[in-house]
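If you want this note's numbering, it's the position in the sequence shown, counting the first as 1, plus 4.
All remarks here apply to the structure that follows.
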Amino acid sequence: MATRATKIAQAARAAFEQARREHPREDFYVYALFTETGDDLQPSCHSEQALARRAKALDTDASELRWFAEEFEYHQLGEEHFEVLGTRPAKAGLASSIEALRALDRSGFFGKGKAREAVAVLILRSDQSNREVVELARKLNPRAVWPRIEAAFEVPEPTGKPTFLPGKEVYSIDSLALSADGSTLAAAGWFGGAELLAWRLGRRPRALPFKRPKGDDGFRSIALSPDGAMLFAATTTAIHRIALPRGRALEPIHIASAAGLTCPPEHDALFASVDGRLHRWDLASTAPRPADIDIAIELHAPLGFSPDGRCLAGLGRSGDVVILDADRLTKLRRHHVARRAFSCFAIGNGVIAAASYAPGAPITVFSRGRVASLPGHARGDVTSLTLSRDGKRLASAGEDGHVRVFDTRSKKLLVDVRGRQEAMGAVTFLHDGRFAAAGRDVSNGPPVYVWRRPV
Numbered sequence: 005m006a007t008r009a010t011k012i013a014q015a016a017r018a019a020f021e022q023a024r025r026e027h028p029r030e031d032f033y034v035y036a037l038f039t040e041t042g043d044d045l046q047p048s049c050h051s052e053q054a055l056a057r058r059a060k061a062l063d064t065d066a067s068e069l070r071w072f073a074e075e076f077e078y079h080q081l082g083e084e085h086f087e088v089l090g091t092r093p094a095k096a097g098l099a100s101s102i103e104a105l106r107a108l109d110r111s112g113f114f115g116k117g118k119a120r121e122a123v124a125v126l127i128l129r130s131d132q133s134n135r136e137v138v139e140l141a142r143k144l145n146p147r148a149v150w151p152r153i154e155a156a157f158e159v160p161e162p163t164g165k166p167t168f169l170p171g172k173e174v175y176s177i178d179s180l181a182l183s184a185d186g187s188t189l190a191a192a193g194w195f196g197g198a199e200l201l202a203w204r205l206g207r208r209p210r211a212l213p214f215k216r217p218k219g220d221d222g223f224r225s226i227a228l229s230p231d232g233a234m235l236f237a238a239t240t241t242a243i244h245r246i247a248l249p250r251g252r253a254l255e256p257i258h259i260a261s262a263a264g265l266t267c268p269p270e271h272d273a274l275f276a277s278v279d280g281r282l283h284r285w286d287l288a289s290t291a292p293r294p295a296d297i298d299i300a301i302e303l304h305a306p307l308g309f310s311p312d313g314r315c316l317a318g319l320g321r322s323g324d325v326v327i328l329d330a331d332r333l334t335k336l337r338r339h340h341v342a343r344r345a346f347s348c349f350a351i352g353n354g355v356i357a358a359a360s361y362a363p364g365a366p367i368t369v370f371s372r373g374r375v376a377s378l379p380g381h382a383r384g385d386v387t388s389l390t391l392s393r394d395g396k397r398l399a400s401a402g403e404d405g406h407v408r409v410f411d412t413r414s415k416k417l418l419v420d421v422r423g424r425q426e427a428m429g430a431v432t433f434l435h436d437g438r439f440a441a442a443g444r445d446v447s448n449g450p451p452v453y454v455w456r457r458p459v
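Rendered as structure tokens:
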């Protein structure tokens, strides 16, 4: 009986021969096996001539499409040859695919000598890190091919000598929360794995064990009580409560679509935005009690308190930053820039920083009646902002995988670092002046990076 690798090799040979047969005058530069989920396989290949046609049709640079399988003219051509394979778990499928393509290569199917060096053989996925593309390309191609792939797929390496919080490797972290006393840090993911983690900080940070709440896909928002003794995690149907450090799950708060969870620094209360309406729960009792809030102001996530607890901020309907008196819940002021809707902000004592979801858009800083701009992230949106407790430092995380720290007074860029993540989704200052960040690492990596205090 033929092995799975043999069947894949036979299917790939048939599909790629079909492409060559139907386009005999074209120069093929890539042959790939493509998968959407990891357990299905599709043939994909492209030629220089087809690439030129595709780029012209889309009015874009050919380099943007050269290695993007789903844009290949011959993507899925001959897929009927793969119908006999069925499905197989991702890891088993990957090993068999590597073996199959190597067998085809040994047979001379992709050419010999210079002809072989002109062709790249790849395994591609719809959600794949550059690191994995390069690692697989090195396994499947002669060394002469490697530089082309490495140039097209930049592999991010950490800079700034970060340390890592302990724990399992994860796919994606979208939010971080630090307790007001600085003792505890929590992290959560909304996409790709729905992670929920927490650590006691100190000289030797330790991961806190608890069972992830079941029944939901991911966590939209998280918050910690001021002393770090309670973790709140919002899903689409409820706000889960976990007592720390032992990780005991308590009765959840049953409310749908809560977002922007935040706790005031000195009171046992929890605030959230639900479809633009502000909600508050008293946490002094065993069972959280909802408190009536009667304000006509829409307040959307994210929400945040100033370090002194006097102000509560959120996003208004038009994307402005609305500042409320935290005790009276009356509007004090709002910050906005014409024709710009903010999507994230950070609040300090007397300082507000805000950014929009737009690649290269500047970060706007409001301080004591003055408005200033700091550069955003040139190759992606700003995803998260945080201010140090004294308001002297501002950190931004971006879709480009970088974290940048500015002096809010001089506007000077102090630090520009990155992890190995494709994108950074959250950043926060720790109480000792260091800063922590997390994001999306398709190859799975340390959950949270920590960099030393900026000088």
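We put the CB at the ideal spot given by N, CA and C, even for glycine.
For clarity, every value in this text was computed on a predicted model and none was experimentally measured.
Given residue i as reference, the closest of the options once Cα atoms are compared
i	options	result
Gly193	Val174, Gly206, Arg204 and Arg210	Val174
Asp1	Thr241, Thr163 and Ala23	Given that the chain is displayed from residue 5 to residue 459, the structure contains no residue 1 and the question cannot be resolved.
Glu460	Ala104, Ser289, Arg70 and Ala23	In this structure the chain extends from 5 to 459, so residue 460 is not present and cannot be described.
Val137	Asp31, Ala155, Pro162 and Arg281	Ala155
Arg345	Tyr35, Ala365 and Gly354	A small correction: the amino acid at residue 345 is Ala; Arg does not occupy that position in the sequence shown. When each option's Cα is compared against that of Ala345, the closest is Ala365.
Ala119	Leu62, Val431 and Ala148	Ala148
Gln132	Gln53, Asp445 and Pro458	Asp445
Thr188	Asn134, Phe195, Ala247 and Ser130	Ala247
Phe473	Ala61, Arg135, Trp455 and Leu319	With the chain represented from 5 up to 459, any question about residue 473 goes unanswered, as that position is not in the structure.
Gln46	Tyr35, Ala295, Leu235 and Gly443	Tyr35
Pro49	Asp65, Glu30 and Thr64	Note that residue 49 is Cys in the sequence shown, not Pro. Ranking Asp65, Glu30 and Thr64 by Cα distance to Cys49 puts Glu30 first.
Lys215	Asp279, Ala253 and Ala190	Ala253
Ala262	Gly373, Val375, Ser225 and Arg25	Ser225
Pro363	Val431, Ala376 and Gly380	Gly380
Glu426	Ser447, Ile259 and Met234	Ser447
Phe195	Arg397, Leu128, Phe223 and Arg207	Phe223
Lys415	Glu255, Glu21, Ala54 and Val375	Val375
Trp71	Thr10, Lys11, Leu144 and Ile127	Ile127
Val125	Ala342, Arg58 and Ser51	Ser51
Arg383	Gly402, Ser101 and Gly395	Gly402
Gly443	Leu378, Val355, Asp404 and Ala59	Asp404
Val341	Ala54, His27 and Ser377	Ser377
Continuous beta strand (DSSP E) stretch holding residue i: start and end
i	result
Gly443	Phe439 to Gly449
Glu255	Arg252 to Ile257
Asp286	Arg281 to Asp286
Ser371	Ile367 to Ser371
Arg422	Leu417 to Arg422
Arg245	Ile243 to Ala247
Tyr78	No beta strand (DSSP E) holds Tyr78; DSSP gives it neither H nor E.
Thr188	Thr188 to Ala192
Leu182	Ser179 to Leu182
Gly171	Looking at the DSSP string, Gly171 is not in any beta strand (DSSP E), and its letter there is neither H nor E.
Thr266	Ala262 to Thr266
Gly429	Ala427 to Phe433
Leu333	Careful: Leu333 lies outside any beta strand (DSSP E) and carries neither H nor E.
Whether residue i touches residue j by CB criterion (8 Å)
i	j	result
Ile301	Lys335	yes
Arg337	Ile327	yes
Ser400	Arg408	yes
Val386	Ile177	no
Ala238	Ala291	no
Tyr33	Ala122	yes
Leu389	Cys348	yes
Thr412	Ser371	yes
Leu434	Leu182	yes
Arg422	Thr163	yes
Gly308	Thr368	no
Arg424	Glu139	no
Asp185	Gly251	no
Leu212	Ala198	no
Ala18	Gly82	yes
Phe168	Pro450	yes
Ser179	Ala430	yes
Arg438	Val454	yes
Ala440	Met428	no
Ala273	Arg284	yes
Ser100	Ala9	yes
Leu398	Ala357	yes
Segment limits, alpha helix (DSSP H) that includes residue i
i	result
Gln22	Arg8 to Glu26
Gly117	Gly117 to Glu121
Arg135	Asn134 to Leu144
Arg152	Trp150 to Ala156
Ala104	Ala94 to Arg110
key: Any 3 or more C-beta pairs closer than 8 Å across the region 65-85 and the region 99-118   = no
message = At 3 residues or longer, what runs of the beta strand (DSSP E) sit wholly inside the region 28-74?
response = 32-39 and 46-51
request  = Go through the region 286-327 residue by residue and report every complete run of the alpha helix (DSSP H) that reaches 4 residues or more, in order.
outcome  = You should have found no qualifying run.
key: Segments of 3+ residues assigned as beta strand (DSSP E) that fall wholly inside the region 337-408   = 348-351, 355-359, 367-371, 374-378, 386-391 and 397-402
request  = Can you check the region 195-238 for any beta strand (DSSP E) of at least 3 residues that lies completely inside it and give the ranges in chain order?
outcome  = 200-204, 225-228 and 234-238
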